[in-house]
Amino acid sequence: MPELPEVETLVRGLHLLLPGCRIERTRVIHEDVLRQPVRRFRNEVRHRTITAVERRAKNIVMPLDDGEAFLVVNLGMTGALFPQRFERSNGSAPGSLARRPTHPAVRFHLDGGRALVFHDVRRFGTVEVLSAEAWRVRDARLGPEPLSDEFGAADLHAGLVRSRSPVRNWLLDQRRIAGVGNIYASEACFRAGVHPERPADSVTPGEAAGMHRGLRDVLGAAIEHGGTTLQDYRNADGRPGLFGTLLQVYGREGEPCVSCGSPVERIVIANRSAFFCPECQPR
DNA sequence: AGTGTATCCTGCAGGC
DNA sequence: TGCCTGCAGGATACAC
3 MPELPEVETL VRGLHLLLPG CRIERTRVIH EDVLRQPVRR FRNEVRHRTI
53 TAVERRAKNI VMPLDDGEAF LVVNLGMTGA LFPQRFERSN GSAPGSLARR
103 PTHPAVRFHL DGGRALVFHD VRRFGTVEVL SAEAWRVRDA RLGPEPLSDE
153 FGAADLHAGL VRSRSPVRNW LLDQRRIAGV GNIYASEACF RAGVHPERPA
203 DSVTPGEAAG MHRGLRDVLG AAIEHGGTTL QDYRNADGRP GLFGTLLQVY
253 GREGEPCVSC GSPVERIVIA NRSAFFCPEC QPR
């Protein structure tokens with residue numbers, strides 16, 4: 003479910019609330035979301051203080067005790083993090099709009115009676131504590147952040163030409179570029195006028211520039227609108243993202259292309275849907 | 001280095 | 001109403 007813009011929106015909300023919170027104890031309701039034994043997990047987070055809330059690719063990264071360890075959450079398809087019993091200085095209560103977590107998997111009990119709940123219907127999400135070194139290694143395996151200043155069109159092109167895999171698949175590979183998922187991969191291909199099945203190494207420098215632009219534009223705009231909610235995604239306030247109506251091809255099979263009016267098509271690449279306009283994105 | 005397939009899970013929509 | 005199939009924002013492991 004959640005891709006870079008959704009995770010970024012959630013992280014921005016949580017960053018206003020969680021730093022300084024101390025984890026008193028943890029209840030693990032569904033241990034299959036952990037990547038380590040429950041006992042060890044609970045021991046490693048107990049009595050630690052969350053010192054920041056950051057994003058890397060689609061991961062929510064919370065340094066504990068200024069980076070002695072890292073609590074890393076991946077939302078998978080349906081995961082969500084709900085802050086509970088927090089209050090802002092203006093009296094509003096974040097998370098109060100959230101539907102009660104029907105599928106809690108891990109509940110962190112924080113100081114002051116507050117809590118953070120990881121809720122996940124399908125439980126494809128993961129929650130884990132990593133040592134500083136383990137997180138560094140994990141981080142190093144992830145590709146560049148598409149919105150960072152260091153990521154240029156030339157970098158994108160240089161990465162693409164090293165692979166013959168379909169462009170859409172290339173964009174989904176977190177080792178090549180971080181944070182792009184199925185929605186924004188289709189959107190980026192559309193904005194660049196590149197057919198999603200085109201071999202990555204067939205993309206010209208000009209097309210790569212268009213894709214670099216399109217990718218950054220669509221991710222940036224999606225963040226401004228709080229991300230895309232198809233079904234489950236909620237931000238830290240429990241509100242859905244509003245970018246869905248602005249998607250140009252994803253989920254619009256049969257509907258007219260926003261640019262030329264031709265019906266948008268859906269194809270399956272590597273078992274996952276891709277949407278494109280056959281006129282604007284020729285093979 | 002690729003792809004296809006399967007796996008982890010649950011819920012929902014649509015067809016009959 | 002029930003039953004069935006297919007589909008869903010992710011990530012990983014496997015055989016080929």
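Converting from the first sequence to my numbering requires adding 2 to each position, the first position being numbered 1. Here a beta-carbon is modelled for each residue, glycine too, at the ideal position from N, C-alpha and C.
So the candidates are Arg124, Val196, Met64; which of them puts its Cα closest to the Cα of Gly78?
Arg124
Could you name the residues that DSSP lists as bridge partners for Phe277?
Per DSSP, Arg268.
What does the alpha-carbon distance come out to for the pair Arg177 and Leu244?
Whole-angstrom Cα-Cα distance: 28 Å.
Alpha carbons only, please: which of Gly256, Trp137, Glu130 is nearest the one belonging to Asn45?
Glu130
Could you please give me the residues that DSSP links to Leu66 through a beta bridge?
Under DSSP, the beta-bridge partners assigned to Leu66 are Ile52, Ala71.
Proximal residues to Asp157 (C-beta, below 7 Å), its chain only, five neighbours per side dropped:
Pro146
Complete beta strand (DSSP E) runs within the segment 97–150 (minimum length 3 residues, chain order)
106–112, 117–122, 128–133
Would you mind sorting Val196 into buried or exposed? The rule is 16 or more other CB atoms within 10 Å of its CB.
buried
What span of residues does the beta strand (DSSP E) with Gly81 cover, start to end?
81–86
First and last residue of the beta strand (DSSP E) that includes Glu26?
25–30
Closest residue to Arg268 among Glu189, Gly212, His32 (Cα-Cα distance)
Glu189
Taking the runs of the alpha helix (DSSP H) that are 4 residues or longer, which of them lie wholly in the segment 154–212?
Along the length of the segment 154–212, whole alpha helix (DSSP H) runs at least 4 residues long occupy 155–162, 169–174, 184–194, reported in chain order.
For Ala107 and His214, the rounded distance between their alpha carbons:
37 Å
Does the Cβ-Cβ distance between Val13 and Glu56 come in under 8 Å?
yes
Under 8 Å between C-beta atoms of Gly15 and Ala224:
no
In terms of DSSP beta bridges, what is Leu36 paired with?
Leu36 is bridged to Val129.
Would you kindly report the start and end of the unbroken alpha helix (DSSP H) that includes His227?
Per DSSP, His227 belongs to no alpha helix (DSSP H) and is neither H nor E.
I'd like to know if the segment 113–124 and the segment 16–32 are in contact, where contact means that at least 3 CB-CB pairs between them fall below 8 Å.
yes
Per DSSP, cross-strand counterpart(s) of Leu244
Thr230
Assuming Arg14 is part of the alpha helix (DSSP H), what are its boundary residues?
Its alpha helix (DSSP H) spans residues 6–17.
Status (buried if at least 16 other CB within 10 Å, exposed otherwise) for Cys279:
buried
Exposed or buried, what is Cys259 when buried is set at 16 or more other beta-carbons lying within 10 Å of its beta-carbon?
buried
Please work out which residues of its chain come closer than 6 Å, Cβ to Cβ, to Pro103, disregarding the five sequence neighbours upstream and downstream, and give them in chain order.
Phe84, Val119, His121
Own chain partners of Asp141 with C-beta closer than 7 Å, once the 5 adjacent residues on each side are dropped:
Arg58
Taking the alpha carbon of Asn285 as the point to measure from, which residue in Asp113, Gly229, Gly208, Pro198 has its own alpha carbon closest?
Reading off the sequence, residue 285 comes out as Arg, not Asn. Nearest C-alpha to Arg285: Pro198.
Would you tell me roughly how many angstroms separate the C-alpha atoms of Tyr252 and Glu70, rounded to the nearest one?
Taking the straight line joining both Cα atoms gives about 41 Å.
Would a C-beta distance cut-off of 8 Å place Arg218 and Gly228 closer than the cut-off?
no
For Arg58, which beta-bridge partners are listed by DSSP?
Asn61
Is the beta carbon of Lys60 sitting closer than 8 Å to the one on Gly161?
no
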